[in-house]
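Student: Per our numbering, the very first residue in the sequence shown carries number 116; after that it's consecutive.
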Amino acid sequence: MDITSKIFIAGSKGLVGSALVRALKGAGYDNLLTPEIDQLDLTCQSAVASFFQEQSPEYVILAAAKVGGILANNSYPAEFIHINLVIQNNVIHSAWKSGVKRLLFLGSSCIYPRLASQPMKEDSLLTGTLEPTNEPYAIAKIAGIKMCEAYNRQYGTEFIAVMPTNLYGPGDNFHPDESHVLPALIRRFHEAKMAAAAEVVVWGSGKPRRELLYVDDMAAGSLYLMNLPGSQLRPELLSYPKPCFLNLGTGVDASIAEIAGIVKSVIGFEGKIVFDSSKPDGTPQKLQDVSRSRALGWSAKVLLHEGVEKTYAWFLDNIDRFRK
Numbered sequence: 116m117d118i119t120s121k122i123f124i125a126g127s128k129g130l131v132g133s134a135l136v137r138a139l140k141g142a143g144y145d146n147l148l149t150p151e152i153d154q155l156d157l158t159c160q161s162a163v164a165s166f167f168q169e170q171s172p173e174y175v176i177l178a179a180a181k182v183g184g185i186l187a188n189n190s191y192p193a194e195f196i197h198i199n200l201v202i203q204n205n206v207i208h209s210a211w212k213s214g215v216k217r218l219l220f221l222g223s224s225c226i227y228p229r230l231a232s233q234p235m236k237e238d239s240l241l242t243g244t245l246e247p248t249n250e251p252y253a254i255a256k257i258a259g260i261k262m263c264e265a266y267n268r269q270y271g272t273e274f275i276a277v278m279p280t281n282l283y284g285p286g287d288n289f290h291p292d293e294s295h296v297l298p299a300l301i302r303r304f305h306e307a308k309m310a311a312a313a314e315v316v317v318w319g320s321g322k323p324r325r326e327l328l329y330v331d332d333m334a335a336g337s338l339y340l341m342n343l344p345g346s347q348l349r350p351e352l353l354s355y356p357k358p359c360f361l362n363l364g365t366g367v368d369a370s371i372a373e374i375a376g377i378v379k380s381v382i383g384f385e386g387k388i389v390f391d392s393s394k395p396d397g398t399p400q401k402l403q404d405v406s407r408s409r410a411l412g413w414s415a416k417v418l419l420h421e422g423v424e425k426t427y428a429w430f431l432d433n434i435d436r437f438r439k
């Protein structure tokens, strides 16, 4: 991408989108299209079509999505599949119609089968049943991948995708009921520390393993792929039937119990951790094989303990917005 290229970041205000904007601005890109929801409703087909017609972005990063943890996915399955499918369909189709040079679709590691072989390789997609607690969201993301693939095959587009593992960092959602595991733990341990509580209850057995990626690492990997020359990109991501997406992760995981221990240490909570085994564990393990992204020249930099420290510092700086 030229430094003056017009780049549309769909979903620029969320955890993923804000990190992408930080990365782009930090690299000197300033011709960014970052409309708020009151300026562009991505679920409205005509509004999205008009936006592309009027603005003619050269590059698109599709980070907009309805996201949440186990409770949110279980509570609002219809919203998770409907909203995500509609946004993807509108943006990807309009990007093709307006002649966008390259599009990057942000997916999720939940696309893989619940019992996929570990670490999960890109070619394990659609080889088994999904995790029931987030199946509607996963199906929407799989559809987005397949839509990119189909447009590449039929129209010769450069529509690629990345599947980040579990993301965390500045701008995360710390809602007590609708957040992912790490921000939920940070808030829970912080509030327990402030209340001098004797214990913190963590959902599940503590045994499931999760790979966590600091969100600014994800943004760096995404920008790297947007700038990768076509001669390097094409053989790996645009040569069907090779998957048109890459895993983005650290290649290292930890148990929920270990993650809770790191959060407890960073926050300085002195009580004990209690695991509530009556609550769902979710997928037993989610570790990605990151060999393809490394072969293309990118790897994550931020280790988990450092990332938790940075995320907790951001939480403290912005704590007023999280008060009930």
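Cβ atoms here follow ideal geometry from the backbone N, Cα and C, with glycine treated the same way. Values in this document were obtained by computation on a predicted structure and should not be read as measured data.
With burial defined as no fewer than 16 other Cβ atoms inside 10 Å of the residue's Cβ, what is the status of K379: buried or exposed?
Tutor: Counting Cβ neighbours within 10 Å, K379 comes out buried, since at least 16 surround it.
Student: Can you check the region 315-357 for any beta strand (DSSP E) of at least 3 residues that lies completely inside it and give the ranges in chain order?
Tutor: For the region 315-357, whole beta strand (DSSP E) runs of length 3 or above, ordered along the chain, are 327-329.
Student: When DSSP builds the beta bridges, which residues end up paired with M235?
Tutor: Answer is Q403, bridged to M235.
Student: Counting pairs of Cβ atoms below 8 angstroms between the region 403-410 and the region 419-438, do you hit three or more?
Tutor: No, they do not touch.
Student: If we count the other Cβ atoms within 10 Å of its Cβ and call it buried at 16 or more, is D391 buried or exposed?
Tutor: It counts as exposed.
Student: Can you look up P279 in the DSSP assignment and give me helix, strand or coil?
Tutor: Looking at P279 - three-state DSSP - the assignment turns out to be strand.
Student: Rounded to whole angstroms, what's the CA-CA distance from V423 to Q269? Just pull it up for me.
Tutor: Using only the alpha carbons, I get a separation of about 43 angstroms.
Student: What whole-angstrom Cβ distance do S209 and F274 have, given they're in contact under 8 angstroms?
Tutor: Actually they do not touch by this definition, with Cβ atoms about 12 angstroms apart.
Student: Check whether the region 290-309 and the region 335-352 are in contact - that is, three or more C-beta pairs closer than 8 angstroms.
Tutor: Too few Cβ pairs lie closer than 8 angstroms, so no.
Student: Would you identify the three-state DSSP class for V367, choosing helix, strand or coil?
Tutor: Looking at V367 - three-state DSSP - the assignment turns out to be coil, as it is neither helix nor strand.
Student: For a minimum of 3 consecutive residues, which ranges assigned as the beta strand (DSSP E) are wholly contained in the region 155-191?
Tutor: Runs found: 174-177.
Student: Does the Cβ of R217 have 16 or more other Cβ atoms within 10 Å, making it buried, or fewer, making it exposed?
Tutor: So R217 ends up on the buried side.
Student: In chain order, what residues of the same chain have a beta carbon less than 6 angstroms from the beta carbon of C225, not counting five sequence neighbours either side?
Tutor: The residues are N249 and A253.
Student: P192 to I371, Cα distance in whole Å?
Tutor: Roughly 24 angstroms between the two C-alpha positions.
Student: Tell me whether K416 sits in a helix, a strand or coil according to DSSP, three-state version.
Tutor: Correct three-state label for K416: coil.
Student: Buried or exposed for A389, going by 16 or more other Cβ atoms inside 10 Å?
Tutor: Here the sequence assigns Val to residue 389, which means Ala is not the residue at that position. Classification for V389: exposed.
Student: Short of 7 angstroms in beta carbon distance, which residues of its chain neighbour Q160, apart from the five on each side in sequence? Order them along the chain.
Tutor: Counting only Cβ-Cβ distances below 7 angstroms, and skipping sequence neighbours, we find N205.
Student: Our contact map puts F287 next to L431 with C-beta atoms below 8 angstroms; I'd like the distance itself, whole angstroms only.
Tutor: Correcting the residue identity first, residue 287 is Asp in this sequence and not Phe. Contact flag wrong, Cβ pair sits at about 13 angstroms.
Student: Taking the alpha-carbon positions, what's the G345 to S294 distance?
Tutor: About 37 angstroms.
Student: Closest to P285 by C-alpha separation, out of D117, I118, L135 and G376, would be which residue?
Tutor: Looking at the Cα atoms, L135 is the closest of the given residues.
Student: Taking only the alpha-carbon atoms, compute the straight-line gap between N189 and D117 and give it to the nearest angstrom.
Tutor: Taking the straight line joining both Cα atoms gives about 43 angstroms.
Student: I want to know whether the region 303-318 touches the region 350-362 - three or more CB-CB distances under 8 angstroms.
Tutor: Touching, no, given that fewer than three Cβ pairs across the two stretches are closer than 8 angstroms.
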